[in-house]
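Residue 354, in the numbering used here, is where the sequence shown stops; the numbers in between run on with no holes.
All C-beta atoms, glycine included, are put in the ideal place defined by N, C-alpha and C.
Note that the coordinates shown come from a computational prediction; the quantities given were computed from them, not determined experimentally.
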Amino acid sequence: MGQATLSAKNAKLSILSWSDEARHTALATFERGGLCAFKTETVYGLGADATNPAAVARVFEAKGRPSFNPLISHVATKEMAQSHGELNEDAQKLATEFWPGPLTLVVPRKESSTLSELACAGLKTVALRIPNARIRELLNEFGKPVAAPSANRSGHISPVTAQHVQEDLEGRIDLILDDGPCEMGLESTVVSCFDGEVTLLRPGIILKEELENILQKPVLSPTQKSGEKAPVSPGLLKSHYAPNASLRLNAECPIDGEAYLAFGPLPSPFSPDKTPLLNLSKSGDIIEAAANLYSHLRKLDAMGVNRIAVAPIHQEGLGAAINDRLMRAAAPRD
Ligand code: TXA
Ligand code: MG
21 MGQATLSAKN
31 AKLSILSWSD
41 EARHTALATF
51 ERGGLCAFKT
61 ETVYGLGADA
71 TNPAAVARVF
81 EAKGRPSFNP
91 LISHVATKEM
101 AQSHGELNED
111 AQKLATEFWP
121 GPLTLVVPRK
131 ESSTLSELAC
141 AGLKTVALRI
151 PNARIRELLN
161 EFGKPVAAPS
171 ANRSGHISPV
181 TAQHVQEDLE
191 GRIDLILDDG
201 PCEMGLESTV
211 VSCFDGEVTL
221 LRPGIILKEE
231 LENILQKPVL
241 SPTQKSGEKA
251 PVSPGLLKSH
261 YAPNASLRLN
271 AECPIDGEAY
281 LAFGPLPSPF
291 SPDKTPLLNL
301 SKSGDIIEAA
311 ANLYSHLRKL
321 DAMGVNRIAV
331 APIHQEGLGA
341 AINDRLMRAA
351 APRD
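Structure, rendered in structure tokens:
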């Protein structure tokens, strides 16, 4: 895969008002791994095929995020949600009451789920939501989950009109499906449901009291979870996948006993037959590297390697997010 096909940068932006034709164009955009912003009842989302790691990498690139955080996978039906996540009794109750609507459920990811590792930031959990907007028709037709964070550049405010999206992301995405202003203008409430506990991870439109009313039990705040100090922001260290192997970063060349996670051309001298080797991107494409990051770390773990030397990765574009992730993985463990 070459740079030109991978990057949405300098993409010509189409803005289409909602119509059958616009829906078909959006569908084709998702199918070829492109980026399409769409209206939900909360804020405009920046969508990509959640099962396509390169498409998800492009979302991070377009937002200019300095780190990877797990994204919400938007689905059309509860059945679709259940083919990717394990909805326990609490999750079922909340889904029945609030879906479609501004509630995101973080639940254990099913073994059989086809979601990309990058959409879930390598976690064993998945964030699912059925939006209450016309995009549901498209999700139904597409038949696969669409990963979508808010459609703004990192650090900017969330967009509630197509024009906001255009101002922030023109030249970085392919399409905006304009369906008028969002009704709510505030992101969905995010709760996790597993191990018999329900935890409020991000306050939003649906209030804690409303959740407790339906569940007839207390909803925990992140710091209460299992009595330990869990991170308030799910982007933080503990919620991330950490490989079993230890990592040595900026390694021009592996030494004896190390596996090599390469990026771009291999160093010479180098004997690939002696060293377990995976390449994030042979051509040095940073989007391809981001798309491969979590799955390559998992594969090296599965090979049973103890130490991984990681090639230097430049800081430009998605490089910063990849390095952020690698530094967390390389940091001393508790
Ligand atoms: O209203 C919304 O929720 C909008 C619209 C577009 O649907 N989407 C949105 O997505 O705000 P995003 O990606 O910006 O926010 C996702 C939130 C983040 O706080 C993220 O850390 C959390 O959900 N999250 C996602 N997956 C998670 C997981 N597996 N574990 C814990 N938190 C997770
Ligand atoms: Mg946001």
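About 6 Å separates the CB atoms of L338 and I307; that is less than 8 Å, so the two are in contact. In the structure shown, the three-state DSSP call for H94 is strand.
Going by beta carbons, L55 and I193 fall inside the 9 Å limit. Distance from the CA atom of Q236 to the CA atom of T60, rounded to whole angstroms, is 29 Å. M100 counts as buried, since at least 16 other C-beta atoms from the protein chains shown sit within 10 angstroms of its C-beta. Inter-residue distance for P285 and E81 is about 23 Å (C-alpha atoms, whole angstroms). D188 is positioned such that its CB atom lies no closer than 9 Å to that of L36. S34 and I150 have their alpha carbons spaced roughly 25 Å apart. D321 and S315 have their C-alpha atoms some 10 Å from each other. Judged by DSSP secondary structure, E217 falls within the beta strand (DSSP E) whose first and last residues are E217 to R222.
In this chain, the alpha helix (DSSP H) harbouring A182 covers A182 to L189. In the DSSP annotation of this structure, the continuous segment of the alpha helix (DSSP H) that includes I234 starts and ends at K228 to L235. Annotation for S315: the continuous alpha helix (DSSP H) segment containing it runs I306 to A322. The beta-bridge partner set that DSSP reports for C213 consists of V218.
Linking K83 to L240 through their CA atoms gives a straight-line distance of about 31 Å.
Per DSSP, the unbroken beta strand (DSSP E) holding P128 starts and ends at L123 to P128.
Contact check between the segment 89-99 and the segment 164-177: three or more CB pairs, one atom from each, fall below 8 Å, which counts as touching.
Counting only the Cα atoms, H334 lies some 28 Å from I177.
Residue burial annotation: S39 is exposed, with fewer than 16 other C-beta atoms found within 10 angstroms of its C-beta. Apart from sequence neighbours up to five positions away, the residues of its chain that approach S266 with a beta-carbon distance below 8 Å are N326, R327, I328 and A350, ordered along the chain.
Short note on G65: C-beta closer than 8 Å to some heavy atom of the ligand TXA.
Note that the segment 41-50 does not touch the segment 179-187; fewer than 3 beta-carbon pairs, one per stretch, sit closer than 8 Å. In chain order, A349 place their CB closer than 6 Å to the CB of A262, counting only its own chain and leaving out the 5 sequence neighbours on each side. By the beta-carbon neighbour count (other beta carbons within 10 angstroms, threshold 16), S288 is exposed.
For K83, the enclosing alpha helix (DSSP H) starts and ends at P73 to K83.
Counting the other Cβ atoms within 10 Å of the Cβ of S132 gives fewer than 16, which makes it exposed. For E207, the shortest separation between its Cβ and any heavy atom of the ligand TXA lies below 8 Å. Residue environment for L227: exposed (fewer than 16 other C-beta atoms within 10 angstroms of its C-beta). Listed in chain order, the non-local C-beta contacts of V76 below 6 Å within the same chain comprise A68, S136, L138, A139 and A167, local neighbours out to five positions each way being set aside. With a cut-off of 8 Å, the C-beta of H104 is classified as distant from the ligand TXA, since no heavy atom of the ligand falls inside that distance. In the three-state DSSP reduction, R173 falls in the coil class, being neither helix nor strand. For G65, the secondary structure class from DSSP, reduced to helix, strand or coil, is strand.
For the 9 Å CB-CB criterion, L114 and V180 do not form a contact.
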